Every structure is written in structure tokens, then in C-alpha cells.
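Here our numbering is used: the first residue of the first sequence is 259, the next is one more, and so on.
The beta-carbon is built from N, C-alpha and C at its ideal position, and this holds for glycine as well.
Keep in mind that this is a model prediction, so the values were computed, not measured.
Single-structure report; data block below.
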Amino acid sequence: MTAQDMADVFHRIALLLELKGENPFKIRAYKTGAETVEGFAGDIVALAAANELGGIKGIGEALRDKLHEMATTGKLEFYDKLKAEFPESIFGLFDISGLGPKKIALLYKELKVAGVADLKRACESGEAGKLSGFGDKTVVKLLESIAFHEQHASEFRLGDVAPVVEQVLAALRENKQVGRVEVCGSYRRGKETVHDLDFLVSSKHPQEVIDAFVELPLFVHTIAKGGTKASTRTKDGLQCDLRVVSNEEFPFALTYFTGSKEHNVALRQRCLARGWSLNEYAITTSEGAEPPPPVHDERDLYRALDMEFIEPELRENTGELDAALHNTLPRLVELSNLRGTFHNHTTASDGNATLAQMAEAAQELGLQYLGIADHSKSSFQANGLDAARVRKQIAEIRALNDDFDGFKLFAGNEVDILKDGSLDFDDDLLAELDYVVASVHSVMNLPEAEMTKRIIKAIENPYVTMLGHVTGRLLLQRPSYAVNIPAIIDAAAATGTIIELNASPWRLDMDWRWWKLAKAKGVRTSINPDAHSVHGLQDLFFGIRSARKGWLERGDVVNTLPLGKIEKLLQAKRERLL
DNA sequence: GCCGTTTTCGGCCCGACTGTTTTCAGTCG
């Protein structure tokens with residue numbers, strides 16, 4: 259079992275205990291236990307196996323023993339017994355917004371609702387509406403939630419599939435029969451969600467490669483298996499396809515399977531104009547046409563069409579082909595360009611690493627600075643800081659900074675934007691901070707005009723350095739609240755406010771589709787992981803993918819600036835309007 | 001189930017909103 263597997267068991271125990279109406283604090287203990295395991299910096303599996311888990315906050319005697327059992331036997335008897343009391347499909351009901359443990363338990367007890375399909379039936383038949391605590395409006399809301407859920411069925415967040423991609427690529431690379439290896443499809447294009455994974459390899463022995471592929475331990479089911487392609491499924495239902503081609507075919511197949519479909523159609527049209535026909539294996543020449551130059555890799559393919567190489571993230575047929583013809587493609591920002599990042603939480607609010615631990619992790623990543631932005635007081639659920647605690651944290655940060663060499667912690671705060679657009683702290687306190695992230699965390703159901711006005715009011719406060727997760731969406735779980743993004747972009751442009759690109763794979767917010775507009779208006783971004791643990795800093799990787807998909811260059815991303823320059827920028831943002 | 005400069009029990013995270021109620025339970029952040 260991996261650390262994530264063990265954390266998942268704790269998460270599920272918490273859900274099952276909720277269904278049983280157990281002591282809420284016991285449930286909480288399992289949830290924090292799960293988060294502690296997820297965020298643990300070190301090999302928790304090895305430690306648990308060796309019975310050397312001690313003194314970890316949030317892991318007491320009972321959880322420690324359970325981790326030991328999982329690490330040594332790969333199972334947990336307590337969980338297996340608990341699980342047997344409910345059908346497996348019942349977990350799906352927790353993804354329906356508007357449903358919590360009490361309602362799910364009632365639905366199961368009274369109507370034998372064991373999953374989303376049952377729920378839909380019970381809502382449509384009118385049975386659900388008769389239950390105590392349920393009414394017409396509840397049923398309508400549930401049906402809406404089910405529809406949203408169905409719309410995104412069999413989609414996966416980038417963060418959920420990235421570990422699978424890494425494992426499969428590593429396994430394919432180890433195979434001696436395999437030459438070139440790539441992951442294609444929407445994953446390679448950096449889409450925020452994918453519904454399957456497409457792998458491509460070159461080999462002279464396709465059957466052997468296919469046979470080895472379907473036997474990989476992370477697959478639980480083989481959907482199809484032939485001489486050059488196979489389809490499998492992981493335990494989470496993620497479909498993984500493999501195509502095997504020859505080394506000569508590889509660049510054509512890579513382009514073809516990377517897509518997008520629209521990009522490929524446009525590429526083929528350009529080939530036709532030269533008397534060439536492009537498919538996933540080769541370019542063929544019609545009679546009388548000039549033969550294409552030799553193509554050994556993707557770069558050659560684009561070069562054959564007199565184009566610059568088009569990065570996979572840009573291949574959506576939204577202007578990239580023309581830009582490639584005219585040498586006006588952006589030079590996309592890269593992970594290695596980042597020098598620091600803002601919007602990170604610590605144990606002061608709802609993070610699980612201390613200031614010092616976060617600072618150390620940032621330095622290990624090679625960053626020169628890290629912005630701390632814990633929650634403000636109105637975010638009670640996240641243990642938000644009041645003014646006194648903010649001032650205490652500022653002092654702690656200043657003290658830590660005295661000991662750093664070539665690294666700096668910035669004292670910030672993720673200040674709640676209240677319902678009327680005012681901020682959770684007064685300007686005097688904001689002025690003591692190095693920077694401010696302003697975010698909406700409550701009353702997300704305002705009409706669009708009101709929500710837009712509310713956010714713009716916050717942006718207009720000169721102490722607001724950047725706007726956090728603009729739309730509040732949680733991918734595959736909760737849609738954006740109603741907000742006029744172009745109006746927000748205009749306001750940000752007028753005030754010099756940075757719009758965050760929240761890099762959490764749950765958010766990736768602002769969406770990549772808006773960045774071209776923002777860039778055209780002169781709005782810059784900060785790619786922020788919204789890290790709640792040391793591990794969370796890794797989410798910068800997903801943020802970079804989205805930024806690239808939004809055509810962003812190094813100059814568009816403020817946290818590519820070195821320490822000296824970012825300090826000046828934060829200062830200038832305030833002075834500009836004060 | 002966790003935690004403790006109050007050490008083996010008694011706290012632990014609070015408030016808004018919604019829809020169902022007719023004073024409150026459930027969900028969410």
C-alpha cells in the first residue's frame with residue numbers, strides 16, 4: 259500500500275463513521291489522520307511497517323496501529339468490517355452536492371438508495387421528496403447536482419491521473435523492447451481534466467510490449483488487446499490505451515494522438531494544400547507534388563509545413579497554426595522559471611506544515627521566496643487568523659527571515675472578501691503585511707452582477723495585491739459561481755491587480771481559456787499552489803501546465819521574478835494607488 | 001480518536017444559508 263492508499267482508507271473510514279452517526283470528533287480524527295499521512299514529508303509506509311511512527315501530531319495510538327497493520331499486511335480489518343455494512347456504491351453519493359451523511363443515511367435506510375442511479379430514481383419518482391427533511395426544492399437541487407455529476411462522469415482531474423502517467427511511463431521505459439515513449443492526448447495538452455490516457459511507444463516487437471503493458475499491476479481490467487493496441491482500466495475506472503508503432507511512424511502517431519482533433523484537421527488541410535496527405539503513420543504524396551522532407555520527430559513535421567514547433571499545450575486550433583507560420587508563437591513559461599510563489603497555508607490556519615517546514619521545502623525546490631497567506635478570521639472552518647494572530651505571525655516571519663541566506667518569507671494573508679465586497683481586515687492591518695491575496699469563500703450564490711461588483715470592490719482596495727481563485731470552482735465537483743470574468747479582468751488591469759492562477763489540481767482557476775484576454779489587457783498572474791502541506795508545493799507543476807495552455811510567457815508571470823524585483827513589484831502595487 | 005506548562009478526563013471549530021420547519025437540522029466553507 260502506498261501512503262495515498264492508506265490515507266484513502268482513513269478518508270473512507272471517516273465517511274462510513276459519518277453514515278453511522280459516530281462521534282464527530284472521532285470522525286475528525288480520521289480526517290486529520292488522512293491529511294497528515296498525505297502531507298507527511300518522508301517515507302511513512304516504511305516507518306509504519308517498522309513500527310517507528312511516534313510523536314506525529316494527529317496520529318495517536320489507534321491510528322498508528324492501523325497504519326502499521328496496513329503497511330505490513332496491505333489490509334485493515336477494522337475498515338473491512340465497517341465497509342461490509344454499506345454497499346460500495348454509496349461513496350458516490352458524497353460527490354453529490356447538497357447531500358451529506360445524514361441525508362445519505364436516511365435515503366439508504368428508508369429507500370435503499372445505494373448510489374447515484376438509485377438517487378435519481380428516488381428523486382424522479384417523488385419518493386425522496388416525502389422523506390422527513392426533504393421537500394420539492396431539495397429534490398430539484400439534487401437533480402441539478404446529479405446532472406452536473408453525470409456531465410462529468412468518467413472525467414479525471416490532472417492531479418488524480420499524474421501519478422498513473424508517471425508509473426506507466428516508467429514501466430514502458432524500462433521495457434527493453436521499447437524505443438520512444440510518450441503520453442499523448444489531452445494529458446499531454448495540459449487539459450484540466452481528462453477522460454482517458456493515451457500512451458504511445460515505438461517498438462519492433464509490439465506484441466511483447468502489449469503483453470507486458472496489460473499485465474502492469476495498476477491495471478485491474480483489460481478492455482481490449484490486439485497486436486498493436488490495448489485498452490485497460492485502473493481500479494478507479496481510468497481507461498489507459500497503448501498504441502505501438504514503428505520508429506519511423508512515431509512522430510506522425512505522436513502528433514495524431516496528441517490532438518486536438520481540431521488542430522489535426524487544420525494540420526491536414528495545410529498538408530493537402532501542398533499535395534500531401536497526413537495520417538497517423540506518415541505523409542503520403544499525391545502525383546506531381548514535391549515530396550516532403552524527412553521527418554524524424556515532431557519538430558520536423560511542423561518544419562515540413564514551414565512552421566515553428568507548436569507546444570502540445572497550444573494545440574487547440576485557437577490561432578496557434580497562424581502564429582506558427584508567422585513566427586509569433588509565445589515562448590511559454592516553464593517550471594524552471596519560477597523563483598517563488600504566493601498563497602500558501604501553514605498550521606496557523608488549515609495547513610499541516612509549520613512556517614519553518616514550508617520555508618525549508620521551498621528552498622529545497624530551489625525557490626528564492628515563499629509567500630505565506632493563511633486564512634483570515636471569517637474563514638472559521640479553516641481556523642482563520644484574527645488581527646492579533648496575524649501580527650504574531652508577521653513577527654515570526656520577520657524573525658525567521660533574519661536567519662535565511664538568499665531566501666525570504668513574505669508575510670501575507672488570504673483575506674476573505676465579505677458579502678458586500680469589503681475585506682475581512684481593516685487597511686491598517688493590511689498595510690503591515692507584505693502582500694494580500696483576496697478570495698471569496700462564502701455566500702457563493704449571489705447573482706452575477708452582485709458577485710462581480712463585490713469582487714471588483716475588493717480589487718479596488720490598493721492593498722489587495724492579487725485576486726485568489728477567481729471563480730471558486732472545484733473541478734468535477736462544483737461549478738464556478740456566477741461572475742463576469744471580462745469585467746474582473748478589466749478591473750484588474752485598471753488597478754494593476756494580479757490575478758492568481760491557482761495551481762491546485764482541484765481548481766486551476768482562473769481557467770486557461772481566459773488568459774489570452776487577460777494578457778492582452780496587460781494583467782499579470784502569479785502561479786500559486788494554494789499549498790496546505792509541504793507536498794502541496796508540487797502543484798506548481800499543474801499551474802505551469804495551465805499557464806502554458808493560456809499562452810503565458812515568463813514575463814506574464816510575476817513569480818518568475820527574482821527576489822529583488824518581486825519586492826519592488828509588491829511595493830509598487832501599493833504606491834501606485836495610495 | 002487526539003491531546004495535555006491543567007496529564008488520564010473533558011474538551012475538541014464557528015457561522016451563514018437553505019429549506020424544512022414553526023424553532024431547527026443539515027450542509028458547506
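Which residue from the options puts its Cα closest to that of residue i?
{"i": "T576", "options": "E548, F600 and L525", "result": "L525"}
{"i": "N602", "options": "N703, Q796 and I630", "result": "I630"}
{"i": "L667", "options": "L613, E706 and I714", "result": "L613"}
{"i": "V591", "options": "E571, E368, P763 and L334", "result": "E571"}
{"i": "S738", "options": "A745, T729, I746 and P744", "result": "T729"}
{"i": "A907", "options": "G312, E310 and L334", "result": "Only positions 259 to 836 of the chain appear in the structure, and residue 907 is not among them; the question remains open."}
{"i": "L357", "options": "T490, K367, A320 and S403", "result": "S403"}
{"i": "D678", "options": "T543, S697, A562 and R712", "result": "R712"}
{"i": "E718", "options": "H479, D469 and A696", "result": "A696"}
{"i": "R557", "options": "K483, E327 and F508", "result": "F508"}
{"i": "K360", "options": "E811, K823, L274 and L623", "result": "L274"}
{"i": "L795", "options": "A611, K284 and G393", "result": "A611"}
{"i": "F392", "options": "H410, F406, E368 and Q409", "result": "E368"}
{"i": "T604", "options": "Q621, N671 and M328", "result": "N671"}
{"i": "T331", "options": "I348, M724 and N309", "result": "N309"}
{"i": "A405", "options": "S383, I354, K434 and A380", "result": "I354"}
What is the DSSP secondary structure of residue i, reduced to helix, strand or coil?
{"i": "F638", "result": "helix"}
{"i": "D263", "result": "helix"}
{"i": "K774", "result": "helix"}
{"i": "G350", "result": "helix"}
{"i": "L275", "result": "helix"}
{"i": "L821", "result": "helix"}
{"i": "A669", "result": "strand"}
{"i": "S594", "result": "helix"}
{"i": "Y627", "result": "strand"}
{"i": "I404", "result": "helix"}
{"i": "D608", "result": "coil"}
{"i": "I747", "result": "helix"}
{"i": "L311", "result": "coil"}
{"i": "I568", "result": "coil"}
{"i": "L836", "result": "Unreliable positioning characterises L836 in this predicted model, as indicated by a pLDDT of 46, which lies under 50. A coordinate reading is not provided."}
{"i": "T586", "result": "coil"}
Cα separation between residue i and residue j?
{"i": "N281", "j": "P345", "result": "22 angstroms"}
{"i": "L836", "j": "E690", "result": "Confidence at L836 is low in this model, with a pLDDT of 46, below 50, so its placement is unreliable and the value that follows should be read with caution. Distance between the alpha carbons of L836 and E690 is about 14 angstroms."}
{"i": "L536", "j": "V701", "result": "52 angstroms"}
{"i": "G517", "j": "E473", "result": "27 angstroms"}
{"i": "L819", "j": "R832", "result": "18 angstroms"}
{"i": "N595", "j": "H790", "result": "23 angstroms"}
{"i": "L828", "j": "R446", "result": "34 angstroms"}
{"i": "V374", "j": "R812", "result": "44 angstroms"}
{"i": "K715", "j": "S680", "result": "7 angstroms"}
{"i": "E825", "j": "S636", "result": "28 angstroms"}
{"i": "F567", "j": "R561", "result": "7 angstroms"}
{"i": "A646", "j": "D686", "result": "13 angstroms"}
{"i": "A749", "j": "A761", "result": "22 angstroms"}
{"i": "V439", "j": "R656", "result": "48 angstroms"}
{"i": "T801", "j": "P787", "result": "The sequence shown places Gly at residue 801, not Thr. Taking the straight line joining both Cα atoms gives about 7 angstroms."}
Which same chain residues end up closer than 6 angstroms to residue i when comparing Cβ atoms and leaving out the 5 residues on each side of it in sequence?
{"i": "A740", "result": "E706 and M709"}
{"i": "E538", "result": "F510, A511 and Y514"}
{"i": "H479", "result": "R491"}
Could you check whether the Cβ of residue i sits closer than 6 angstroms to any heavy atom belonging to the ligand SAM?
{"i": "K650", "result": "Ligands in the displayed structure: none, and consequently the ligand SAM is not present."}
Note down, in chain order, each residue of its chain lying with its Cβ closer than 8 angstroms to the Cβ of residue i, except the 5 sequence neighbours on either side.
{"i": "A617", "result": "L628, L658, F662, F665 and L667"}
{"i": "L325", "result": "M264, V295, I302, A306, L311 and I317"}
Quick one: residues in its chain with C-beta nearer than 7 angstroms to the C-beta of residue i, no 5 flanking neighbours on either side, listed in chain order?
{"i": "N742", "result": "E706 and T710"}
Any alpha helix (DSSP H) of 4 or more consecutive residues that is wholly inside the region 452 to 535: 464 to 472, 508 to 516 and 519 to 530
Whole alpha helix (DSSP H) elements within the region 681 to 742, 4-residue minimum: 685 to 690 and 706 to 717
4 or more residues per run - each alpha helix (DSSP H) lying fully within the region 782 to 822: 798 to 807
Ranges of the alpha helix (DSSP H) found wholly within the region 381 to 425, counting only runs of at least 4: 394 to 409
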